[in-house]
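For reference, the structure discussed in these notes is given below.
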Amino acid sequence: MAMTMMNGNATTDGRSGYTVQYNHLNLPRHIPNINLTYTYDASGRKLRKNANGSVRNYIDGIEYKPDGTIDFIHTEEGIALNNGSGGYSYQYNLSDHLGNVRYSFDIYNGAVRRLQQDDYYPFGLRKSISPVATTNKYLYNGKEVQDELGGQYDYGARFYDPVIGRFNVIDRFAEKYYHLSSYSYAANNPINLIDINGDSLWVSYAGNKILYNNGGFYNKDGSAYTGKGVKTDKNGNVTGYKGFLGKAHTALGAIGGTQEGGSLLNELQSSTNSFTIQNSSTNEFVVDPSQRVAGYANQLQTDPQYAGQLANTTASAMLGGAGGTINWNPSGANVWVLGGGQNNNAASNLGHELFHGRDSNRGLLDSRLNQDLKYDEWQATFKENQLRSQMGLPLREFYKSQSNNGVLSPLAPRMLNGSNQPVRPTWVPGNW
Numbered sequence: 000m001a002m003t004m005m006n007g008n009a010t011t012d013g014r015s016g017y018t019v020q021y022n023h024l025n026l027p028r029h030i031p032n033i034n035l036t037y038t039y040d041a042s043g044r045k046l047r048k049n050a051n052g053s054v055r056n057y058i059d060g061i062e063y064k065p066d067g068t069i070d071f072i073h074t075e076e077g078i079a080l081n082n083g084s085g086g087y088s089y090q091y092n093l094s095d096h097l098g099n100v101r102y103s104f105d106i107y108n109g110a111v112r113r114l115q116q117d118d119y120y121p122f123g124l125r126k127s128i129s130p131v132a133t134t135n136k137y138l139y140n141g142k143e144v145q146d147e148l149g150g151q152y153d154y155g156a157r158f159y160d161p162v163i164g165r166f167n168v169i170d171r172f173a174e175k176y177y178h179l180s181s182y183s184y185a186a187n188n189p190i191n192l193i194d195i196n197g198d199s200l201w202v203s204y205a206g207n208k209i210l211y212n213n214g215g216f217y218n219k220d221g222s223a224y225t226g227k228g229v230k231t232d233k234n235g236n237v238t239g240y241k242g243f244l245g246k247a248h249t250a251l252g253a254i255g256g257t258q259e260g261g262s263l264l265n266e267l268q269s270s271t272n273s274f275t276i277q278n279s280s281t282n283e284f285v286v287d288p289s290q291r292v293a294g295y296a297n298q299l300q301t302d303p304q305y306a307g308q309l310a311n312t313t314a315s316a317m318l319g320g321a322g323g324t325i326n327w328n329p330s331g332a333n334v335w336v337l338g339g340g341q342n343n344n345a346a347s348n349l350g351h352e353l354f355h356g357r358d359s360n361r362g363l364l365d366s367r368l369n370q371d372l373k374y375d376e377w378q379a380t381f382k383e384n385q386l387r388s389q390m391g392l393p394l395r396e397f398y399k400s401q402s403n404n405g406v407l408s409p410l411a412p413r414m415l416n417g418s419n420q421p422v423r424p425t426w427v428p429g430n431w
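In numbering that gives the first Met the number 0, the protein residues as written are 0 to 431.
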């Protein structure tokens, strides 16, 4: 029998006998019975697991041993394993249509060598384990199994128990799916559907709104998107994407491959607000008009100009931030970069507008001016430059430009300091 907190978090497990303590994000923090502790960053990404003194560190797809050396690096095909000789050995995974890893192998003496084979019951409980040389922990839906917790899986936003086919905390999108249990997995249809972390980052294409989550496209019900813009092989397996959908997939992949961009996408994907990327000839974030007050909540509360409006605004109207639309030109737009000249990178352009979306999600949109440039443009450009640095692109030196007799030149203010480092806005919160 499981016991729950007032907010619905399961605190005890009758099967395993342990108790669970949660952090403010409703993520497992400490299981005292087995001395298991998890550490996360502010957005909920797991940074460390300490299982009774056995420590593992997680940073952007790289897992580290307790002494700080890399254990392995996640790749699209599997992992690159530190071989202890200054190099890496590659291991490959074969997965089914739901992303369940079924077969792991490497190349040994010029031939394929089986490392592990796994089968699953419909809701994810492992049916058989056939290890040879290693034990892959990323299994059902490609999620990391927590052996210390009786085989539960870490889905990022929640932990999942395949024995009972239920999550341990309430779905934060429960109000959108009132006909389902708040703890259910994949709408109780695990053969055809998967349960994803969020339903808040969408791409508009060919009249469809397609959900983007951790590198994949899905329908609203969690099933894989196979409609317009999808390239498949003769067996119907997705091999890539085309058109605007393909360009969005490539750009989001480039953004998500960085530390700053990965955190950005993780927050937007898991938000209770919705964000839609659509094809446009311009690059612009447009806040949802029905949520505008919440998107500008910080300015409303700190800008004397809006004191009168603040007095007539309820506190609840300023909570939760706002979603919106990201207009994106996949052909890119030139920006003025350090060293003179312009640089065109569509992924960086998209990142800039997504950072506006994150500020909107946090209620930090701000139309006040600093050197004739809006606060929130300073904010998005600072974050864009952090992203550009991690993408190996030149930093954006100026936000604006002007035309003199047909010759385009940059226009102040400069977005970098005397040491050519991005100027961090002084008005944002310390944990921004």
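All residues carry an ideal CB built from backbone N, CA and C; glycine is no exception. Quick caveat, the model's predicted, so the values are computed rather than measured.
From the options, residue whose alpha carbon lies closest to that of residue i
i, options, result
"I69", "E75, E76 and G60", "G60"
"G215", "K45, G206, V229 and L337", "V229"
"S15", "D40, N108, I163 and E143", "I163"
"A379", "R113, H351 and G43", "H351"
"G261", "T38, G43 and L26", "G43"
"K208", "L179, Y182, N234 and F243", "F243"
"N108", "L93, P27, Y102 and S88", "S88"
"S203", "Q258, K227 and V292", "K227"
"G141", "R101, L337 and A173", "R101"
"K45", "L138, L415, N369 and L26", "L26"
Between the CA atoms of residue j and residue i - distance to the nearest angstrom
i, j, result
"F122", "P412", "56 Å"
"S330", "G307", "43 Å"
"F166", "L410", "53 Å"
"I193", "F397", "44 Å"
"Q145", "N326", "40 Å"
"N32", "T18", "7 Å"
"T74", "F284", "32 Å"
"Y211", "Q385", "23 Å"
"Y152", "Y184", "12 Å"
"M0", "D160", "Here M0 scores only 46 on pLDDT, less than 50, and its place in the model should not be relied on; the value that follows carries that caveat. The straight-line gap from Cα to Cα measures roughly 14 Å."
"L148", "G417", "52 Å"
"N191", "D40", "32 Å"
"N404", "W377", "28 Å"
"G429", "D66", "30 Å"
"Q286", "R113", "Just to set this straight, residue 286 is Val in the shown sequence, not Gln. Each residue's alpha carbon lies about 51 Å from the other."
"G86", "I78", "13 Å"
"R291", "N333", "29 Å"
"L251", "K382", "16 Å"
"K64", "N56", "7 Å"
Residue j beta carbon less than 8 Å from that of residue i
i, j, result
"R171", "T271", "yes"
"Y374", "P424", "yes"
"V237", "T249", "no"
"S359", "G323", "yes"
"A346", "I254", "yes"
"I169", "G319", "no"
"E266", "R357", "yes"
Per-residue DSSP class, three states only, for residue i
i, result
"W426", "coil"
"K136", "coil"
"K246", "helix"
"V144", "strand"
"G239", "strand"
"A156", "coil"
"M0", "Reliability of the predicted coordinates at M0 is poor, the pLDDT of 46 falling under 50, and the value obtained from them is presented with this limitation in mind. M0 falls in the coil class under three-state DSSP."
"L353", "helix"
"V162", "coil"
"S366", "coil"
"S273", "coil"
"L200", "strand"
"S418", "coil"
"G215", "strand"
Where the alpha helix (DSSP H) through residue i begins and ends
i, result
"A79", "No alpha helix (DSSP H) contains A79, which is instead part of the beta strand (DSSP E) from G77 to N81."
"R112", "Here R112 belongs to no alpha helix (DSSP H); instead the beta strand (DSSP E) covers A110 to Y119."
"S262", "Q258 to Q268"
"P298", "The sequence shown places Gln at residue 298, not Pro. Per DSSP, Q298 belongs to the alpha helix (DSSP H) from A296 to T301."
N-terminal and C-terminal residue of the beta strand (DSSP E) that residue i is part of
i, result
"W431", "It is not in any beta strand (DSSP E) - W431 carries neither H nor E in the DSSP assignment."
"K386", "The sequence shown places Leu at residue 386, rather than the Lys named in the question. First-last for L386: Y374 to M390, but that is the alpha helix (DSSP H), not the beta strand (DSSP E)."
"G307", "Premise fails: G307 lies in the alpha helix (DSSP H), A306 to A310, not in any beta strand (DSSP E)."
"V19", "No beta strand (DSSP E) contains V19, which DSSP labels as neither H nor E."
"R101", "V100 to Y107"
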